[in-house]
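S.K.: In this note's numbering, the protein residues as written are 4 to 333. Glycine included, each C-beta is placed from N, C-alpha and C at the ideal position. Values in this document were obtained by computation on a predicted structure and should not be read as measured data. Please find one structure pasted underneath; my questions will follow.
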């Protein structure tokens with residue numbers, strides 16, 4: 004099937020996370036508006052100053068994009084991208100991304116420039132490509148979803164960043180602090196399309212991003228992602244020192260070498276409490292956003308529901324061998 008493209012005059016409905024710095028936010032907003040206006044394209048931009056309003060603003064903008072054959076665009080980090088993508092899927096409208104986060108796994112995986120001006124320009128001649136999303140119960144995730152220790156780590160990291168500033172050093176120290184703290188392992192039963200297994204683990208991590216899997220050293224799972232599956236990682240209980248070792252292995256891209264890690268791929272996975280576990284409601288994270296869900300949890304892959312604007316591939320330059328081929332000489 005050939006790639007679809009938005010209309011040449013399709014309007015852009017941009018949902019922009021304000022971030023922390025006022026001057027930086029103003030610059031980003033003016034950059035987005037000026038690039039689109041210079042190209043003769045209509046730009047409707049709403050800035051989100053209160054995170055509690057993000058969902059409603061994203062829904063409103065996605066509805067307008069659908070009604071007017073436009074494109075709803077997320078400008079922000081993975082959490083913002085996730086929220087706007089959810090509404091794009093719900094409304095069935097086209098979806099664009101202007102990555103502004105720290106890691107930008109989703110944007111980098113799909114070849115979207117991290118430079119804001121280049122990312123906006125890339126929207127102008129982008130091709131619409133259906134991409135795979137993950138679902139955790141009724142929430143989508145583009146990069147990862149998790150239950151157990153990892154959501155706690157994310158909460159602690161956000162708290163520490165607000166106190167000490169946003170830096171990789173703060174993130175690493177916060178992760179070590181959480182790993183050394185007290186946490187109870189999950190006692191769960193996994194139902195993978197009829198195959199049952201019991202598991203005791205500090206955290207269950209489900210990935211939907213090839214780049215992230217490669218960076219932590221789980222290359223064998225990247226092929227599963229390319230084949231339309233999700234990737235699950237669950238370390239066995241290893242104690243505090245062992246957990247720090249796993250974090251360091253992941254940071255060095257060598258997690259796949261660890262013997263005490265369970266890893267597998269799937270299309271649908273149901274997670275239930277083990278028989279004797281008293282837990283009924285658990286903390287989960289989807290693309291860095293932490294919430295609570297009632298067990299059982301169902302992870303599943305959904306193909307082609309998100310209609311993403313991906314940058315058009317760069318044109319191939321003619322080479323002497325190309326000329327010979329056209330002349331019938333090669």
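How many angstroms separate the CA atom of residue 62 from the CA atom of residue 261?
M.R.: Rounded to whole angstroms, the separation of the alpha carbons of residue 261 and residue 62 is 42 Å.
S.K.: Does the Cβ-Cβ distance between residue 338 and residue 265 come in under 7 Å?
M.R.: In this structure the chain extends from 4 to 333, so residue 338 is not present and cannot be described.
S.K.: Just to confirm the assignment, what range does the beta strand (DSSP E) spanning residue 193 have?
M.R.: 189–195
S.K.: For a test of the three-state rule: what should DSSP assign to residue 246, helix, strand or coil?
M.R.: Of the three classes helix, strand and coil, the one that applies to residue 246 here is helix, per DSSP.
S.K.: Three Cβ pairs or more, each shorter than 8 Å: is that satisfied between the region 216–225 and the region 181–190?
M.R.: no
S.K.: Hey, could you find the ends of the alpha helix (DSSP H) residue 61 is sitting in?
M.R.: 57–70
S.K.: If you run the structure through DSSP and keep just helix, strand and coil, what is residue 45?
M.R.: coil
S.K.: Identify every run of the beta strand (DSSP E) within the region 199–283, keeping only runs that are complete inside it and at least 3 residues long; order them along the chain.
M.R.: 206–210, 233–238, 264–269, 271–276
S.K.: Quick check on residue 310: buried or exposed, where buried means 16 or more other Cβ atoms within 10 Å of its Cβ?
M.R.: buried
S.K.: Going by the CB atoms, is the gap between residue 182 and residue 115 shorter than 7 Å?
M.R.: no
S.K.: For residue 10, does the count of other Cβ atoms within 10 angstroms reach 16, so buried, or fall short, so exposed?
M.R.: exposed
S.K.: Alpha carbon to alpha carbon, how far is residue 84 from residue 289? Give it in angstroms, no decimals.
M.R.: 11 Å
S.K.: Round the Cβ separation of residue 298 and residue 270 to the nearest angstrom and send it over; I've been treating them as touching at under 8 Å.
M.R.: Between residue 270 and residue 298 the Cβ distance is about 20 Å, and since that is not below 8 Å, they are no contact.
S.K.: Based on Cα-Cα distance, which residue from 193, 203, 245 lies nearest to residue 272?
M.R.: 193
S.K.: Taking the beta carbon of residue 143 as the centre, do at least 16 other beta carbons fall within 10 Å, making it buried, or is it exposed?
M.R.: buried
S.K.: Looking only at DSSP bridge pairs, what is residue 36 linked to?
M.R.: None; residue 36 has no bridge partner.
S.K.: What three-state label does DSSP hand residue 306 in the structure shown?
M.R.: strand
S.K.: Got a sec, what are the start and stop residues for the beta strand (DSSP E) residue 109 sits in?
M.R.: Element bounds for residue 109: not the beta strand (DSSP E) but the alpha helix (DSSP H), 108–112.
S.K.: Residues in the same chain with beta-carbon distance under 7 Å from residue 215, minus the five sequence neighbours each way, listed in chain order, please.
M.R.: 108, 146, 147
S.K.: Taking the DSSP output, what are the residues bridged to residue 77?
M.R.: 18, 100
S.K.: Let's see if you can read the secondary structure: which residues bound the beta strand (DSSP E) around residue 134?
M.R.: Per DSSP, residue 134 belongs to the beta strand (DSSP E) from 130–139.
S.K.: Output the distance between the C-alpha atoms of residue 218 and residue 67, rounded to the nearest integer angstrom.
M.R.: 38 Å
S.K.: Spatial neighbours of residue 196 within its chain, please: CB distance less than 6 Å, with the 5 preceding and 5 following residues excluded, ordered by chain position.
M.R.: 271
S.K.: Ordered along the chain, which non-local residues of its own chain (more than five positions away) have a Cβ less than 7 Å from that of residue 277?
M.R.: Counting only residues of its own chain and dropping the five nearest sequence neighbours on each side, residue 277 has a CB closer than 7 Å to the CB of 190, 191, 192, 201.
S.K.: Here's the rule I'm using: 16 or more other beta-carbon atoms within 10 Å means buried, otherwise exposed. How should residue 53 be labelled?
M.R.: exposed
S.K.: Looking only at DSSP bridge pairs, what is residue 50 linked to?
M.R.: 19
S.K.: Can you tell which of 125, 82, 292, 268 has the C-alpha that lies nearest to the C-alpha of residue 302?
M.R.: 268
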